[in-house]
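Asks: In the working numbering, the protein residues as written are 567 to 710.
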């Protein structure tokens, strides 16, 4: 796959745990057809580290339905970090995130773009420095 897509809806199964969802997406995105043959131990280690990175370190066994809106959004956005892709398509990625979550995702996005990644983002409220072009009312405007 050449891209990641995170829609406005999180795409998480309410009855699954955080670890189950991250494992599910890691397995799908890193299957042998996806070019990665990580062992189960490697994947488990990756998931634990990722949970710490996204601020859900203690929530591995927590069901998605028991998370706050912001925690669910972090779990959904974590999929971006499970396997590298050159393009991210994001619909309202900051929706539901608290200040700490917004900071985490802004930094994650900044690091991704600095490493050569590209992102197309639909957003109503974010006018961040990492945007190079905006489409506003049907017109493209350069921001830099």
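Even for Gly, the Cβ is constructed at its ideal location relative to N, Cα and C.
State the beta-bridge partners of residue 685 as determined by DSSP.
Replies: 654
Asks: If we ignore side chains and look at the alpha-carbon of each, how far apart do residue 574 and residue 639 end up?
Replies: 9 angstroms
Asks: Considering only their Cβ atoms, is the gap separating residue 654 from residue 685 smaller than 9 angstroms?
Replies: yes
Asks: Would a check of beta-carbon distances place residue 584 closer than 9 angstroms to chain B?
Replies: The displayed structure is made up of one protein chain only, and chain B is not part of it.
Asks: Measure the beta-carbon distance from residue 645 to residue 570 and round it to whole angstroms, keeping in mind my assumption that it falls under 8 angstroms.
Replies: 7 angstroms
Asks: I need the boundaries of the beta strand (DSSP E) containing residue 594, first residue and last residue.
Replies: Residue 594 -> not in any beta strand (DSSP E); alpha helix (DSSP H) instead, spanning 584-595.
Asks: Sort 593, 625, 611, 608 by Cα distance to residue 584 and report the nearest one.
Replies: 625
Asks: Can you give me the start and stop residues for the alpha helix (DSSP H) that residue 643 sits inside?
Replies: From DSSP, the alpha helix (DSSP H) with residue 643 extends over 635-643.
Asks: According to DSSP, is residue 615 part of a helix, a strand, or is it coil?
Replies: When secondary structure is reduced to three states using DSSP, residue 615 falls in the helix class.
Asks: Measure the C-alpha to C-alpha separation of residue 648 and residue 708 and round it to an integer number of angstroms.
Replies: The alpha-carbon separation between residue 648 and residue 708 amounts to approximately 31 angstroms.
Asks: Using the rule of at least 16 other Cβ atoms within 10 Å of the residue's Cβ for burial, across every protein chain shown, is residue 650 buried or exposed?
Replies: Exposed.
Asks: Give me the residue from 593, 688, 615, 580 with the minimum Cα distance to residue 628.
Replies: 580
Asks: Rounded to whole angstroms, what is the Cα-Cα separation between residue 698 and residue 577?
Replies: Roughly 28 angstroms between the two C-alpha positions.
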